[in-house]
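Using our numbering, you'd call the opening residue of the sequence shown number 718 and step up by one each time. The beta carbon of each residue, even a glycine, is placed where N, CA and C say it ideally should be. Because the structure is a prediction, the values reported are computed rather than measured. Some notes on the structure that comes next.
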Amino acid sequence: MMDTGQQILLDFKANKLETFYKCLYPALMMFASIRLTPQLAFLAEDCVQDAVFAALKKRRDFHSFPSFRSYLYTCVSNSVSSIQRKYRARCNYTSGFEDIDSGDPAEEIERMEVSRAVFNAIDTLPENLRKTFELSFVEGLANAEVAGRLGISVSAVKKRKASIKVHLNESLHGDLPKAISLFLFLSYFLSA
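Spelled out as structure tokens, the structure:
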């Protein structure tokens, strides 16, 4: 008689996911939910579904249930870490705006316009610069990590960051409040 784990793996490899969703999926969901902070727990299912999709693509490579289960938990753990890193980076950025809240609606509207202008300028970045920006700022990765992900040198990452600053400054040229806000924004982003 075959054990449950081995049956889950055999069914999974045959694209029969019922036993997987009945037996292993709830544990993966609980694992993701516990690892995510309460405000991010709603993303647990995304983490697990990404892991399932990745495992489905590699299903022929699994030869034992423990290696299969370990792969799934590692994928979920990596997704959770990525989400938390992105969340911390966004919180660090937005906390800078909260600290300068004067309560003046006109200033708040100007800040919103500046933010919109900055993000519109970011959208105009060439693909290689936008990817560097996303990895550095949105995901909060260090220069060495960005270099590893993109397959380039750390000095190339630094050069791209300098190009990003030039491109954004040119995009917002002539508008002093936007330029000041951009300077503060880029000081945080480009300090690494």
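inquiry  = Going by DSSP in three states, Thr736 sits in which element: helix, strand or coil?
reply    = As a first step, residue 736 is located in the sequence shown; it is residue number 19 there, counting from the start. It is helical.
task = Take the Cβ of Tyr751 as the centre, count every other Cβ of all protein chains shown within 10 Å, and call the residue buried at 16 or more, exposed below.
result = The residue you call residue 751 lines up with position 34 of the sequence shown. This sequence places Ile at residue 751; Tyr is not what is there. Counting other Cβ atoms within 10 Å of its Cβ, Ile751 stays below 16 and is therefore classed as exposed.
inquiry  = Suppose contacts are defined by Cβ-Cβ distances below 8 angstroms. Is Leu726 in contact with Phe782 by that definition?
reply    = Here residue 726 corresponds to residue number 9 of the sequence shown, with the count starting at 1. Here residue 782 corresponds to residue number 65 of the sequence shown, with the count starting at 1. In terms of Cβ geometry, Leu726 and Phe782 form a close pair [threshold 8 angstroms].
task = Taking 8 angstroms as the cut-off, decide whether the C-beta atoms of Lys878 and Thr841 are in contact.
result = Looking up residue 878 in the sequence shown gives position 161. Looking up residue 841 in the sequence shown gives position 124. Contact: no.
key: Beta-carbon proximity list for Cys764, same chain, < 6 angstroms, skipping 5 on both sides   = Within the sequence shown, residue 764 is the residue found at index 47, counting from 1. The answer, listed in chain order, is Ala749, Val793, Ser796, Val797.
task = Verify whether the separation of the beta carbon atoms of Leu753 and Ile800 is less than 8 angstroms.
result = Counted from its first residue, the sequence shown places residue 753 at position 36. Counted from its first residue, the sequence shown places residue 800 at position 83. The answer is yes: Cβ separation under 8 angstroms.
query = Quick one: is Ala861 buried, meaning 16 or more other Cβ sit within 10 Å of its Cβ, or exposed?
reply = Against the sequence shown, residue 861 aligns to sequence position 144. The residue is exposed, with fewer than 16 neighbouring Cβ atoms inside 10 Å.
request  = Assign Leu745 to buried or exposed, taking buried as 16 or more other Cβ atoms, counted over all protein chains shown, within 10 Å of its Cβ.
outcome  = On the sequence shown, residue 745 is found 28 positions in, with the first residue counted as 1. Per the 10 Å Cβ criterion, buried.
query = Sorry if obvious, but does the Cβ on Lys774 come closer than 7 angstroms to a heavy atom of the ligand SAH?
reply = In the structure shown, the ligand SAH is absent, as is every other ligand, since no ligand is present at all.
query = Do the CB positions of Arg776 and Lys739 come within less than 8 angstroms of each other?
reply = For the purposes of this step, residue 776 is taken as the residue at position 59 of the sequence shown. For the purposes of this step, residue 739 is taken as the residue at position 22 of the sequence shown. With contacts defined as CB atoms closer than 8 angstroms, Arg776 and Lys739 fail to qualify as a contacting pair.
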